[in-house]
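Numbering (the working numbering), first residue to last: 2 to 1125.
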Amino acid sequence: MSERFVVVPVDGGVGVAEEGEHSDAVVADPAPDTGGSSSSSGSAGGAAEEKEAGEDSVFEQQDTSAVVPILEYNREPNKYGDGVPKENSPFINNTDNDKGNSYDGTNMALFEEEMDSNPMVSSLLNKLANYTNLTQGAQEHEEAEDDEGPKKKAVKSPQMGTFMGVYLPCLQNILGVILFLRLTWIVGTAGILESLAIVGLCCSCTMLTAISMSAIATNGVVPAGGSYYMISRSLGPEFGGAVGLCFYLGTTFAGSMYILGTIEILLTYIVPKAAIFVAEKKEDEADALLNNMRVYGTCCLALMAVVVFVGVKYVNKLALVFLACVILSILAIYAGVIKTIFEPPDFPVCMLGNRTLQNHNFDRCLKTEVIDNVTVTTKLWRLFCDGPEINATCNEYFVNNNVTSVQGIPGLTSGVISENMWSEYGPLAMLVENKKLIAVGGSDSAQDIYMPYVVNDITTFFTLLVGIYFPSVTGIMAGSNRSGDLRDAQKSIPIGTILAIATTSIIYITCVVLFGACIEGVLLRDKFGDSVKGNLVIGTLSWPSPWVIVIGSFFSCCGAGLQSLTGAPRLLQAIARDGIVPFLQVFGHGKANGEPTWALLLTAGICEIGILIASLDAVAPILSMFFLMCYLFVNLACAVQTLLRTPNWRPRFKYYHWALSFLGMSLCLALMFISSWYYAIVAMAIASCIYKYIEYRGAEKEWGDGIRGLSLNAARYALIRLEEAPPHTKNWRPQLLVLLNLDSDQGVKHPRLLSLTTQLKAGKGLTIVGNVLEGTYLTKEAEAKKAEQNIKSSMSTERTKGFCHVVVSSNLRDGFSHLIQSAGLGGMKHNTVLMAWPGTWRQSNDSQSWKNFIETVRETTAAHQALLVAKNVDSFPTNQDRLGEGTIDVWWVVHDGGMLMLLPFLLRQHKVWRKCKMRIFTVAQMDDNSIQMKKDLQMFLYHLRLDAEVEVVEMHDNDISAFTYEKTLMMEQRSQMLKQMQLSRTEREREAQLIHDRNTASHATINDKAESGPERVHMTWTKDKLFTERNRNRECNANVAVRDLFNMKPNQSNVRRMHTAIKLNEVVVNKSQGAHLVLLNMPGPPKNRGGDENYMEFLEVLLEGLNRVLLVRGGGREVITIYS
């Protein structure tokens, strides 16, 4: 071969090409032509021959018959086959996977610095290929295997297909107790048409839900937890927790229903003599049955709980047996229906007139019979008469009507279908009658309840039957719950679930029609088969024997109950381990192998509540509510995800639409209220309470849920709408930008500023808490994050609801300017700035702090934003304080749009300030009519609907006092001295820089001249001469400055301003020194920036002697109106 091959594995040994694969990491490097022969370099498995240093190693294929040489990876740990150890190879030098470095080779050198955070695609794909779909929540397999130690076996890859993994489990969970025990009664009571409507409604609901569920289940991996996992990851932890617990309660009550069904079959159809409570009178039979159900149900529940606790694996192994019972029972029904065409079974129903009789205590449907030419009475006679004698006193209806026997199962071709088409609803204790038969009245209806008639045990109506029937279509989640055991969950779940629902829907629809076509109406309405000697009604139709259905349904109910007691604790455990409901944490623990012991105990306790209700017809609507709520939210999750078009919404199941999901959701909601409006309200209240609890106390989770996406969409829409027009005065409220100061450790200096924010906002409107750090973002990133965390912590402590915004800027001035300009988004921008008064501005050596303050005042004015400045903010009350009787004093000097009126009203909404009264002071000049002013102000406040005391303060034009002149002069002298000190410091810095620059320049010049040519004479300042000249100038300037200070006269404009500040301060202190809070108009800063320091002095004088002060500066618009 005339080519050299250089091996450059990009993966660093993680993804190694398999034997026989072509590797793209082999790069052909043409060498000089040395001939066409190939030299052998050793066998693939043996050691390579040593070569001289500097020689190239050439890999050749061992099979010399091949035309093209194929390069293979040598898997020896130390050598490639050329005798060069791996660690000495310049490119391939890293096989230590523990280091986590996935970079090797020169092809990706451009990205080598990012390899730690952004792995190579090849290593990423390798990790994904090794991903195992383990269940989330209860990891029984892993924990059980950890206990086995050396016996630990490798986890087998999931192998279940669509039929075994989804179709059959769904079939087993859907078909159950209601089909065997109540469907015949529902058909007889509601009629075929309304029964078909009930079945159609419920099956449509589950089919639409299955379509939505298929879309969610195929949008990524769904671990154990089924519907809970899907809803929580689609709609967020609040909805997920609420619906997950509802689904848990539904599954638990389903366990109760199955156990009650088991006991009903046992005591009514298998061993009726096992009853502990036996009714002596007919009217006590219902109560006796309920008490028997409670006793036996509790024992059965305890037994099942022990079975689940001891060995859940036996429950899973028996699942196939229970499923076989269900399928055999259904086949027996269809076989029986076919048999009725040729030979209907003999189950006569005894009728007295048109009333159905209970066939327990008599064997012949006759009043009298002739034995040896002697007419004797039958057992039936004794039930209606005083004695066995022919002349005994009998019930009037018994005397007037004949006894007839009708065939209970007339058969498919009998035409009975036309009679069973319509409904026969009725109240409690209504007699089951055949309207076709002739009857003569005359009985006392009050006495009928003591006679052996078949009667309604509950009041029947359409909506009740919907609630009782709906549990027979639940169980559609069985496939999605087993997604971890499926070979291809994203293919199996939709196909298996939809096929199972279609199959069961066909079974239910055909059963409704066939029952109505084969069975006499009175027998259909006989719930417990009393008219056919206590046989199960559906059993009378089956072939070859009624016992097939009785035994099959008994084991089916047992199995379903065990499955519920197995599944419900695991669902609760999954919710508990997610940590979204704090008080459920204890139920996340279990046995060493992960069995949820505590969850099983709670499940058994809740299940016992259903057992104590004791009536299958009363328990069924309860679990219908919980399942319907769960299905409702599955549909909602699919609709929300589809409408939002979130980027991650890419289900493999394509046959869904948001309209179908919305229809399914509406159908679920309608069925909830159709079944039982009060149960629906209770279920919603439970879900709402859980939702609010998780929202208030639960752990914070971010699962990329759809509700968050919905919130973002709603926020975007609202922000766009807010942009269309500014808010009306009636809607105006302070949207605050709070400018906080932080200490050297990035802690909040004035947390009371956040307290004031909370009291002012009461959780309403926008609050942005901002801070500025000096520097560059690249160097201050860690400090900025720490500052943000500290601010958020303080906000949480002070219960301030809002956003935090930390800006890093080259200087504080620009940073605050950026915040004022750009904080907020769209229409949700601040309109008011709240900050603390710089209390130490006089003591500070740096004048920049108070200059920043004044510039902020100017910028808020320019931006037409209101400004609130809190003085002595650390003395403001906390949120826990409750101020007693006191006042909030408003000093209304100039009109600022009504801010001064609105702020006290907002503060008094909070419980801290609630007991404070509002007082408004306004200032009258000499030429004002103060009495009229007071009346006008009172009328203005009346129209504003504000309760406040009004007082007009007169300020006379007094002569300016000597004290005012002196204070103004001291202020100006201090200002001048500070300017000179600042100037001298600036000069010193400038001169030092000048000396440095000149020395540097002179050195550079000397060096240049030395290289370029002969030296020239260079004249410059000497250092001594420079210092002498500078000191002489400084002494001269200092003498002049001192002389100017003593000869200064105060500026008249400053004198007038000082006079106003002093006089107004005297009045405010006199009236409001004891007030809880003083609100005061804030004068604007001077237009001439040279008087900025004097402006700070004026404000200090104005606020002197006051404790809590809030300076208010309006934003240039009206914020309060008298109109509604």
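Every residue gets a Cβ at the ideal spot worked out from N, C-alpha and C, and that includes glycine.
Mapping the DSSP letters down to three states, classify residue i as helix, strand or coil.
i, result
"Y426", "coil"
"V313", "helix"
"Y454", "strand"
"A569", "helix"
"A854", "Just to set this straight, residue 854 is Phe in the shown sequence, not Ala. In this structure, F854 counts as helix in the three-state DSSP scheme."
"H806", "strand"
"A575", "helix"
"N75", "The pLDDT assigned to N75 is 43, lower than 50, so where the model puts this residue is not dependable, and the model offers no usable value."
"W838", "coil"
"E775", "strand"
"K1088", "coil"
"Y657", "coil"
"S257", "helix"
"R356", "strand"
Can you give me the C-alpha to C-alpha distance between residue i and residue j, rounded to a whole angstrom?
i, j, result
"R1", "F463", "There is simply no residue 1 to check, as the chain begins at 2 and stops at 1125 in what is shown."
"E391", "L358", "The question names Glu, but residue 391 in the sequence shown is Ile. Roughly 21 Å separates the two Cα atoms."
"I331", "L645", "44 Å"
"L624", "D531", "28 Å"
"S543", "D347", "12 Å"
"V311", "L176", "27 Å"
"Y509", "S205", "13 Å"
"Q844", "G825", "35 Å"
"L291", "F254", "17 Å"
"P547", "L525", "16 Å"
"T185", "D373", "43 Å"
"Q939", "E1101", "31 Å"
"N1082", "T841", "22 Å"
"N791", "Q747", "7 Å"
"E521", "E344", "16 Å"
"S689", "E696", "10 Å"
"A501", "R383", "52 Å"
"S745", "G580", "37 Å"
"F1152", "G409", "The chain is shown only over 2 to 1125; residue 1152 falls outside these bounds and no answer can be derived."
Skipping 5 residues on each side, what residues in its chain have a beta carbon closer than 8 Å to that of residue i?
i, result
"D1093", "W851, K852, I855, P1086, P1087"
"K592", "T598"
"A925", "S931, M934, V953, V954, E955, M956"
"C203", "V467, Y470, F471, S473, V474, L672"
"D64", "Residue placement at D64 is poorly supported in this model, since its pLDDT is 44, which falls under 50; the coordinates still yield a value, given next. Nothing listed; no residue qualifies."
Enumerate in chain order the residues of its own chain whose CB-to-CB distance from residue i is below 6 Å, with the five nearest sequence positions on each side excluded.
i, result
"S662", "S213, N636, C639, A640"
"A276", "L268, N293"
"T647", "G710"
"F555", "I266"
"C395", "F385, C386"
Can you tell me which of the options puts its alpha carbon nearest to the alpha carbon of residue i?
i, options, result
"I342", "R578, C519, I921, S235", "C519"
"Q736", "A867, G262, M630, N435", "A867"
"H729", "I187, E596, R1118", "R1118"
"C559", "R800, N174, G1116", "N174"
"A218", "L182, V309, K655", "K655"
"M208", "M626, N421, S818, G665", "G665"
"M1132", "P839, R1109, A949", "In the structure as shown, the chain starts at 2 and stops at 1125, and residue 1132 therefore has no counterpart that could be examined."
"L629", "V188, R915, V467, S481", "V467"
"C512", "K781, R183, K282, Q910", "R183"
"G1106", "G827, L826, N873", "N873"
"E789", "K765, V749, L826", "V749"
"Y168", "I339, S424, K492, L246", "K492"
"A430", "L740, K283, E397, L947", "K283"
"M902", "V913, K918, G887", "K918"
Do the region 797 to 815 and the region 758 to 775 make contact, defined as three or more Cβ pairs closer than 8 Å? yes
Assess contact between the region 795 to 802 and the region 745 to 755, defined as three or more Cβ pairs (one per stretch) separated by less than 8 Å. Is contact present? yes
Would you be able to state if there are at least three C-beta pairs under 8 Å between the region 808 to 827 and the region 1065 to 1080? no
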